[in-house]
Amino acid sequence: MTAVVNETSESFPTNNLAELEVQHTTGSELALSEPVLIGEAVDGPVHLNSTQGEQPLPFRAAVLDARFLHEPQGFKRAKMGDLSDLIASVRLFGVRAPLVVRSIGLHTPTNAAGEPIEGAEPVEHFAVVKGLRRRMAAIAAERFDLPCFIADTDDEIQLILQTLELNDHHKDLEGLEKAEAYQMLLDLGLSDQQIADARRVDVSQIRTAVKARSLPAAAQRALNAGTLDLVQTHALEEFADDPDGQNKLLEKLSNPYDFKHELSRLRERRAYAHHKELVKAQLVLEGVEVTPKPRGFGYDGTAERADLLVDSDGQPVDIETVKTQPGFRAFVEKDSGGQAQAVVYCDDPAERGYARRKPVPTAYRGLNSEEIAARELEAQQTRERAERLRLAAKVRREFIVAMFGTAKSARSLFVPALRAAMLGKSMNYSGDLDELYRALGGSDDEVLDGAGEDRLRRSLVAKYICTSEDNLEDLARPHRMWVNEERAVAWYDKLRDLGYPLTADEQDLYESWTADDTEMEPDQDTDEAMPPIPDVQLQVHADDDQDIPDAG
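So for the sequence shown, UniProt numbering puts the first residue at 1; every next one is plus one.
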């Protein structure tokens, strides 16, 4: 057995039967070991003995040149379907799953005129039985070497198919398998952009896959499922030194906005811890003794904040002067904005010659230490919840921009926004939401003065959304003034319908607002309920930034 040639070829390669790494297998995947060289043809199949003492394969195997394989004999698929993805895969990795071919006998090579070449040795030819799409993809990708199992009889064909359970590349590579292949290509000197170009995918997919190789099993499963993106991969790497935080992120991989909520919370916690250590370090450098917060501080015990003390002359204490003196210490806690702050205190003002310049807060008068401690705990929990709601608002507004940030998507809220404007409902919002207004396509008054229909519509919807968000702003304040619960519920309902996941705090508030609600009758139509919006016939330019001229 020498070379396999195309019948019309004028040149005849002599080494297309190459070495194939093979060993006995009984599963659906071929396990590779030491190379075995296929020799000259003999009567019957060549038995390939593995190097590990396994039973031999009862058929021949070889690496054959895709260009010299014949089309299937008898039945042939009329259409091969879209081969583009398969070609891209083969171009990078070659053909992984062996083809099944059948020997169609020895043929004497011919010249261009179809005449036998004098003295030429007969060459064994093969026809594809299983794997024609792979052969065509290999030719298109110019990766001509194909691992093949060779059958000489119908029985052998059936044996090969049953043994290997070949799937003809119908199953794509798992994400982690791709990641391993990408890493091999990177090690060979290719750039991630070159790999992305060859695969015809965004380079972020390559980077995500490669980075995910070192992540926990849950992240790798998400990669295989196609739900892991580069942002999530970076976030998981970011918390590699925090197993508890990383596990919390892994639990949220199924929903990208649940993941963002948790990521925002973890980053805020980490940022505070880092800032707290910096504040402590600064105090130490200044010679201030740093302690934990005294138990019952502010309502029980002798310790008192230095900024509430006056000296024997009735003058306020200069904190920078006294903080290093005997009897003065400091601890670090969160301020109302969630940042770390140093609190300088005196362990016993009366003994040190100081007095409190403000009376005990009225709210604590008449309460014992346990009751005051409970009030303090409640106040602390309220502040912490407000902080979590503030972080949730950031993610929620990112979701809002994704849902309503284009002219087409803004149309879904145009009718309720127009209704609210026509009914004279308040459309005011705080300046803190100006950035959201602009992100939603809203324009300032100077632009709106000469704007067309499209820009006016987007700006009206943006104002309507900002009004709804402004109603929720007070939730992020420890001592909120007032929230229109009906409007808040309607707005949350709209966002939930679009897939926004409420945080635990948002869900608690939502349930408290709806606890006594009765189900609305189907024919009731209110602005706050935001009913399904009819398909209003409005002319829209393809370009979001173009205005529709006023019709006279």
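In this text, a Cβ means the ideal position worked out from N, Cα and C, and glycines have one as well.
Report task. Rounded to whole angstroms, what's the CA-CA distance from L190 to L64? Just pull it up for me. Result -> Rounded to whole angstroms, L190 to L64 spans 27 Å at the Cα level.
Requested in this report: Please classify P98: does DSSP put it in a helix, a strand, or coil?
Outcome: Three-state result, P98: coil.
**Report entry** Distance between beta carbons of A240 and L223, contact taken as under 8 Å
**Finding:** Going by Cβ atoms, the distance from L223 to A240 rounds to 16 Å, so no, they are not a contact pair.
Query raised in the report: What residue from L308, G245, A235 and E124 has the CA that sits closest to residue 622's CA?
Result: This structure cannot settle anything about residue 622, because the visible part of the chain is limited to 1 through 552.
Query raised in the report: Looking at P147 and P98, is the spacing between their C-beta atoms short of 8 Å?
Result: For P98 and P147, yes; Cβs fall inside 8 Å.
Query - E40 to E180 span [Cα, whole Å] - result: With a pLDDT of only 32 at E40, under the threshold of 50, the placement of this residue in the model should not be trusted; the figure read from the coordinates follows. A straight line joining the alpha-carbon of E40 with that of E180 spans about 36 Å.
Query raised in the report: By Cβ distance below 8 Å, which residues in the same chain neighbour I139 in space, the five residues on each side in sequence not counted?
Result: Residues of the same chain with a CB within less than 8 Å of the CB of I139, apart from the 5 flanking positions on each side, are A66 and R67 in chain order.
Query raised in the report: When DSSP builds the beta bridges, which residues end up paired with L106?
Result: E124, per the DSSP bridge assignment.
Query raised in the report: Span of the alpha helix (DSSP H) holding R267?
Result: Where R267 is concerned, the enclosing alpha helix (DSSP H) stretches over P256 to L285.
Report task. Measure the CB-CB distance between A217 and K178 and report whether it falls below 8 Å. Result -> Remark: C-beta atoms of A217 and K178 do not approach each other more closely than 8 Å.
Query raised in the report: Looking at the structure shown, is E165 part of a helix, part of a strand, or coil, going by DSSP?
Result: For E165, the predicted structure reports a pLDDT of 45, less than 50, and the residue's modelled location is therefore unreliable. The matter cannot be settled from this model.
Query - Alpha-carbon spacing of R141 relative to L106, whole angstroms - result: Correcting the residue type first, residue 141 is Ala in the shown sequence and not Arg. So the two alpha carbons sit approximately 29 Å from each other.
Query - Helix, strand or coil at Q325 according to DSSP, with G and I counted as helix - result: Looking at Q325 - three-state DSSP - the assignment turns out to be coil, as it is neither helix nor strand.
Query raised in the report: What three-state label does DSSP hand R385 in the structure shown?
Result: Helix.
Query raised in the report: Can we say the region 391–406 touches the region 252–268, given the rule of at least three CB pairs closer than 8 Å?
Result: The region 391–406, when compared against the region 252–268, does touch it at the 8 Å Cβ threshold.
**Report entry** Residues that P243 bridges to, as DSSP identifies them
**Finding:** Partner(s): none; P243 has no beta bridge.
Query raised in the report: So what's A451 in DSSP terms, helix, strand or just coil?
Result: When DSSP states are grouped into helix, strand and coil, A451 belongs to the coil group.
Query - Burial state of L475, where buried means 16 or more other Cβ atoms lie within 10 Å - result: Per the 10 Å Cβ criterion, buried.
Query raised in the report: How far does the alpha helix (DSSP H) with Q232 in it reach, from first residue to last?
Result: Residues L230 to E238.
Query raised in the report: Taking the alpha carbon of G119 as the point to measure from, which residue in P109, L308 and F149 has its own alpha carbon closest?
Result: Ranking P109, L308 and F149 by Cα distance to G119 puts P109 first.
Query raised in the report: Which same chain residues, not among the five before or five after R102, have their C-beta less than 6 Å away from its C-beta?
Result: Here the set comprises A127, V129 and A151.
Query raised in the report: Of all the options K334, N471, K280 and L460, which has the alpha carbon lying nearest to the alpha carbon of R269?
Result: Checking every option, the nearest Cα to that of R269 belongs to K334.
**Report entry** 6 Å CB neighbourhood of P522 in its chain, flanking five on each side removed
**Finding:** Any answer about P522 is weak, because its pLDDT of 44 lies below 50 and its placement is not dependable; what the coordinates show is given next. Hits under 6 Å: none found.
Query raised in the report: Looking only at its own chain, which residues have a Cβ that is under 6 Å from the Cβ of R295, when we skip the five neighbours before and after it?
Result: Closer than 6 Å at Cβ, skipping near neighbours: no residue.
Query raised in the report: How many angstroms separate the CA atom of D145 from the CA atom of G94?
Result: Rounded to whole angstroms, D145 to G94 spans 8 Å at the Cα level.
**Report entry** Separation of R265 from R305, as counted between CA atoms
**Finding:** Per the coordinates, the alpha-carbon of R305 lies some 30 Å from the alpha-carbon of R265.
Query raised in the report: Quick one: any contact between the region 270–282 and the region 302–318, if contact means 3 or more CB pairs under 8 Å?
Result: When Cβ pairs closer than 8 Å are counted between the two stretches, the region 270–282 is seen not to touch the region 302–318, the count staying below three.
Query raised in the report: What three-state label does DSSP hand Q341 in the structure shown?
Result: Here Q341 carries a strand assignment [DSSP, helix/strand/coil].
Requested in this report: May I ask which residues mark the beginning and end of the alpha helix (DSSP H) holding A504?
Outcome: A504 to T514 is the extent of the alpha helix (DSSP H) around A504.
Query raised in the report: When the Cβ atoms of the region 380–397 are set against those of the region 339–347, are three or more pairs found closer than 8 Å?
Result: Result no; under three Cβ-Cβ pairs closer than 8 Å.
Query raised in the report: Can you tell me whether DSSP reads R199 as helix, strand or coil?
Result: Looking at R199 - three-state DSSP - the assignment turns out to be helix.
Requested in this report: Give me the Cβ distance between L228 and L253, rounded to the nearest whole Å; I'm assuming they're in contact under 8 Å.
Outcome: With a Cβ gap of about 7 Å, L228 and L253 count as contacting.
Report task. Can you give me the Cβ contacts of G442 inside the same chain, cut-off strictly under 6 Å, excluding the 5 residues immediately before and after it? Result -> The residues are S459 and A462.
Report task. With distances taken Cα to Cα, identify the nearest neighbour of A196 among M136, P292, S426 and D85. Result -> Measuring from the Cα of A196, the nearest candidate turns out to be D85.
Query raised in the report: Whose C-beta lies closer than 7 Å to the C-beta of Q232 among residues of the same chain, with five residues either side of it excluded?
Result: Within the same chain, Q232 has close Cβ partners L253 and F259.
Query raised in the report: Run through DSSP, which three-state label would V332 get?
Result: Under the three-state reduction of DSSP, V332 is assigned to strand.
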